[in-house]
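S.K.: Okay, handing you the structure first.
Numbering (this note's numbering), first residue to last: 39 to 526.
Now the structure itself:
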């Protein structure tokens, strides 16, 4: 499968494979691009394409959007033909022997990234870079970028597909996050990083240790694997660009920033350099978010722009979120497929995981397991609630291994038929997603776990559990052989 050095390589592939629509009519980045994109994403698969808006009055660069907005495009972006190939690749790297205890489980996850380093996928430095062909320092202005206003009641224009780079002020370890940024004026941004994100941890560390300002860089574009990796929920202190190198099959190249002590991907389209004052916050929002609702105004840190660099002819990448499905659904599916082998390090009985679009990630997680003992589903539910960002899951439904959890009709049939609601539910409270508007406290609320597996006598089930009605295999084989002759 094709690997990409930069965004233009990926655009060319989409064009060759009839997955790119070029829009030459004049369009505004204020609301109009969102309306067009939303209609395209929710249309039939043959009409759902990446969009390149080439005519934006007052702007010199085009906007690319919906580049990840299908299973196939997301797979191509990460260098595979099918997202399930990510699962297979990573499973071959990991020794799936059951680790002995939690400490070994954590170490096994870290060992995986040491493997990536050992095979030469650590990012490397270069002295010259396409992203610094044009440099603006004193004359840098965010007004030169076609930053989107997505929804009518948004608080302003937002950068929506960034790689935000900061370093831990104590350890120097790099973090890369996909945090939206609201434009305040031509030299000022607000960074929306939630309290459990790596960037927010850097802010807390800087404030607590009086380390002063935090150098920051907002990267737009680059190779598609690096762009996606900014959204990957990696363990703390694991470099996202190391994962990008693994997906690309070659290390990500970096160049020193012009005005800040940071390195940025050399093949990016645009880089906004600046610094964050951990003691300065301004109201950010509202913003039409991936939940389909506006998130309210909150205080978030300020980034002061010191430079903007870009290619000679850059492309501005963007995305929109809102009522699902949106492009982030497929970005989340890539996360789901890639990290399934890592979940199995901690919970080897897990067969598959599905986070449906309707659940907007944390609202619903479906899990199939190889059930072997009483209370096994409960063990998995509590295990997932203790595992990194899966801890924010509001509802977890566990079914038997033969159930296709990507078939929501089949899952509903199992859950509605197999569950005794007084016996098979776990209702508790705990951490929930920052954007969960239903919880009775901010970031803390009710959660439910549902055991929809077949029950066994050791779980107190005193009746005979019914067998699923299935056709005789020999009959199925015969009908398969004759099927074309039926003309059906």
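Yeah, the Cβ is synthetic: ideal placement off N, Cα and C, and Gly gets one too. Only a predicted model underlies this, so the values are computations on that prediction, with no experimental measurement involved.
From residue 430 to residue 173, what does the alpha carbon distance come to, in whole angstroms?
M.R.: Counting from one through the chain shown, the residue named residue 430 turns up at place 392. Counting from one through the chain shown, the residue named residue 173 turns up at place 135. Whole-angstrom Cα-Cα distance: 41 Å.
S.K.: Residue 343 bridges to which residues according to DSSP?
M.R.: Here residue 343 refers to the residue found at position 305 when the chain shown is read from its first residue. According to DSSP, residue 343 bridges with 312.
S.K.: Rounded to whole angstroms, how far is the Cβ of residue 327 from the Cβ of residue 473, which I believe are closer than 8 Å?
M.R.: As a working mapping, residue 327 is identified with position 289 in the chain shown. As a working mapping, residue 473 is identified with position 435 in the chain shown. At roughly 6 Å, the Cβ-Cβ gap stays under 8 Å, so residue 327 and residue 473 are in contact.
S.K.: Which term fits residue 62, buried or exposed, when burial requires 16 or more other beta carbons within 10 angstroms of its beta carbon?
M.R.: Sequence index remark: in the chain shown, residue 62 carries index 24 (1-based). Exposed: under 16 other Cβ atoms inside 10 Å.
S.K.: Would a C-beta distance cut-off of 7 Å place residue 384 and residue 192 closer than the cut-off?
M.R.: Within the chain shown, numbered from 1, the residue matching residue 384 stands at position 346. Within the chain shown, numbered from 1, the residue matching residue 192 stands at position 154. No, they are not a contact pair.
S.K.: Mind checking who residue 392 pairs with in its DSSP beta bridge?
M.R.: Here residue 392 refers to the residue found at position 354 when the chain shown is read from its first residue. Looking at the DSSP assignment, residue 392 forms a beta bridge with 404.
S.K.: If you run the structure through DSSP and keep just helix, strand and coil, what is residue 284?
M.R.: As a working note, residue 284 is residue 246 in the chain shown. If DSSP states are grouped into helix, strand and coil, residue 284 belongs with the helices.
S.K.: Tell me whether residue 233, by its Cβ, gets closer than 6 Å to a heavy atom of the ligand FMN.
M.R.: No copy of the ligand FMN appears in this structure; indeed no ligand is present at all.
S.K.: Within 10 angstroms of the Cβ of residue 351, are there 16 or more other Cβ atoms? Answer buried if so, exposed if not.
M.R.: As a first step, residue 351 is located in the chain shown; it is residue number 313 there, counting from the start. Its Cβ having fewer than 16 others within 10 Å, residue 351 is exposed.
S.K.: For residue 354, tell me which candidate among 41, 55, 422, 103 has the shortest Cα-Cα distance.
M.R.: For this step, residue 354 is matched to residue 316 along the chain shown. It is 103.
S.K.: Closer than 6 Å by C-beta to residue 238: which residues in its own chain qualify, once you throw out the five before and the five after it? Chain order, please.
M.R.: For the purposes of this step, residue 238 is identified with residue 200 of the chain shown, where counting begins at 1. The answer, listed in chain order, is 231.
S.K.: Residue 455 by DSSP, collapsed to three states: which one?
M.R.: Locating residue 455 in the chain shown gives position 417, counting from the first residue. DSSP places residue 455 in helix when its eight states are reduced to three.
S.K.: Might you give, ordered along the chain, the residues of its own chain that have their beta carbon closer than 7 Å to the beta carbon of residue 290, omitting 5 neighbours on each side?
M.R.: Taking the chain shown and counting its residues from 1, one reaches residue 290 at position 252. Contacts found: 161, 264, 279, 282, 283, 303.
S.K.: With a threshold of 6 Å on Cβ separation, who are the neighbours of residue 442 within its own chain once the five nearest residues in sequence on each side are excluded?
M.R.: Mapped onto the chain shown, residue 442 falls at position 404. 448.
S.K.: Look at the alpha carbon of residue 527 and the alpha carbon of residue 261, and state the distance between them as a whole number of angstroms.
M.R.: For residue 527 there is no data in the structure shown, the boundaries of the chain being 39 and 526.
S.K.: Note down, in chain order, each residue of its chain lying with its Cβ closer than 6 Å to the Cβ of residue 423, except the 5 sequence neighbours on either side.
M.R.: As a working note, residue 423 is residue 385 in the chain shown. Closer than 6 Å at the Cβ level, and outside the excluded window around residue 423, lie 429.
S.K.: Mind the definition here: the region 359-377 touches the region 117-125 only if three or more C-beta pairs lie below 8 Å; say whether that holds.
M.R.: Verdict: yes, contact present.
S.K.: What is the C-beta distance between residue 314 and residue 252, in whole angstroms, given that I count them as a contact (C-beta under 8 Å)?
M.R.: Numbered from 1 along the chain shown, position 276 holds the residue referred to as residue 314. Numbered from 1 along the chain shown, position 214 holds the residue referred to as residue 252. Residue 314 to residue 252, Cβ: 4 Å. Contact.
S.K.: Drop a sphere of 10 angstroms on the beta-carbon of residue 496, count the other beta-carbons inside from all chains shown, and report buried for 16 or more, exposed for fewer.
M.R.: If you number the chain shown from 1, residue 496 lands on position 458. So residue 496 ends up on the exposed side.
S.K.: Determine the extent of the beta strand (DSSP E) in which residue 384 is found, giving its start and end residues.
M.R.: Residue 384 sits at position 346 when you count from the first residue of the chain shown. That residue, residue 384, is in no beta strand (DSSP E); its alpha helix (DSSP H) goes 365-384.
S.K.: Do you know how far the Cα of residue 80 is from the Cα of residue 510?
M.R.: On the chain shown, residue 510 is found 472 positions in, with the first residue counted as 1. On the chain shown, residue 80 is found 42 positions in, with the first residue counted as 1. Rounded to whole angstroms, residue 510 to residue 80 spans 40 Å at the Cα level.
S.K.: Leaving aside the five residues before and after residue 164 along the sequence, list all residues of the same chain whose C-beta is less than 8 Å from its C-beta, in chain order.
M.R.: Start at 1 with the first residue of the chain shown, and residue 164 comes out as number 126. Result list for residue 164: 291, 292, 293, 304, in chain order.
S.K.: Run through DSSP, which three-state label would residue 328 get?
M.R.: As a first step, residue 328 is located in the chain shown; it is residue number 290 there, counting from the start. In the structure shown, residue 328 sits in coil (DSSP, three-state: anything other than H, G, I, E or B).
S.K.: Out of 321, 494, 343, point me to the one whose CA is closest to residue 336's CA.
M.R.: Here the question's residue 336 lines up with position 298 in the chain shown. Among 321, 494, 343, the Cα nearest to that of residue 336 belongs to 321.
S.K.: Which one or two residues does DSSP pair with residue 212 in a beta bridge?
M.R.: Position 174 of the chain shown, counted from the first residue, corresponds to residue 212. Looking at the DSSP assignment, residue 212 forms a beta bridge with 205.
S.K.: Taking the beta strand (DSSP E) that residue 496 falls in, what are its first and last residues?
M.R.: Translated into positions along the chain shown, residue 496 becomes position 458. That residue, residue 496, is in no beta strand (DSSP E); it is neither H nor E in DSSP.
S.K.: Could you name the residues of the same chain whose beta carbon sits closer than 8 Å to that of residue 241, not counting the 5 residues immediately before and after it, in chain order?
M.R.: In the chain shown, residue 241 corresponds to position 203, counting from 1. Answer for residue 241: 231, 252, 314, 316, 339, listed in chain order.
S.K.: Under the DSSP definition of a beta bridge, which residues are partnered with residue 353?
M.R.: By 1-based counting over the chain shown, the position of residue 353 is 315. In the DSSP output, where bridge partners are listed per residue, residue 353 has none listed.
S.K.: For residue 428, which beta-bridge partners are listed by DSSP?
M.R.: The residue you call residue 428 lines up with position 390 of the chain shown. Answer is none; residue 428 lacks a bridge partner.
S.K.: What did DSSP end up calling residue 60 once you bin it into helix, strand or coil?
M.R.: Within the chain shown, the letter at position 22 stands for residue 60. In the structure shown, residue 60 sits in a strand (DSSP, three-state: E or B).
S.K.: Note down, in chain order, each residue of its chain lying with its Cβ closer than 6 Å to the Cβ of residue 462, except the 5 sequence neighbours on either side.
M.R.: The residue you call residue 462 lines up with position 424 of the chain shown. Closer than 6 Å at the Cβ level, and outside the excluded window around residue 462, lie 489.
S.K.: Give me the Cα-Cα distance between residue 482 and residue 469, rounded to the nearest whole angstrom.
M.R.: In the chain shown, counting from the first residue as 1, residue 482 sits at position 444. In the chain shown, counting from the first residue as 1, residue 469 sits at position 431. Rounded to whole angstroms, residue 482 to residue 469 spans 4 Å at the Cα level.
S.K.: Can you tell me which of 245, 177, 234 puts its alpha carbon nearest to the alpha carbon of residue 471?
M.R.: Residue mapping note: residue 471 aligns to position 433 of the chain shown, counting from 1. For residue 471, the nearest C-alpha among the options comes from 234.
S.K.: Where does the unbroken alpha helix (DSSP H) through residue 176 begin, and where does it stop?
M.R.: Here residue 176 is taken as the residue at index 138 of the chain shown, counted from 1. Neither: residue 176 is in no alpha helix (DSSP H) and is coded neither H nor E.
S.K.: For residue 312, which residues from the same chain have a beta carbon less than 6 Å from its beta carbon, with the 5 sequence-adjacent residues on both sides left out?
M.R.: What you label residue 312 is simply residue 274 of the chain shown in a count that begins at 1. So the qualifying residues of the chain are 254, 341, 342, 343, 344.
S.K.: Along the chain, where does the alpha helix (DSSP H) containing residue 515 start, and where does it finish?
M.R.: Taking the first residue of the chain shown as position 1, residue 515 is located at position 477. Note, residue 515: alpha helix (DSSP H), 511-524.
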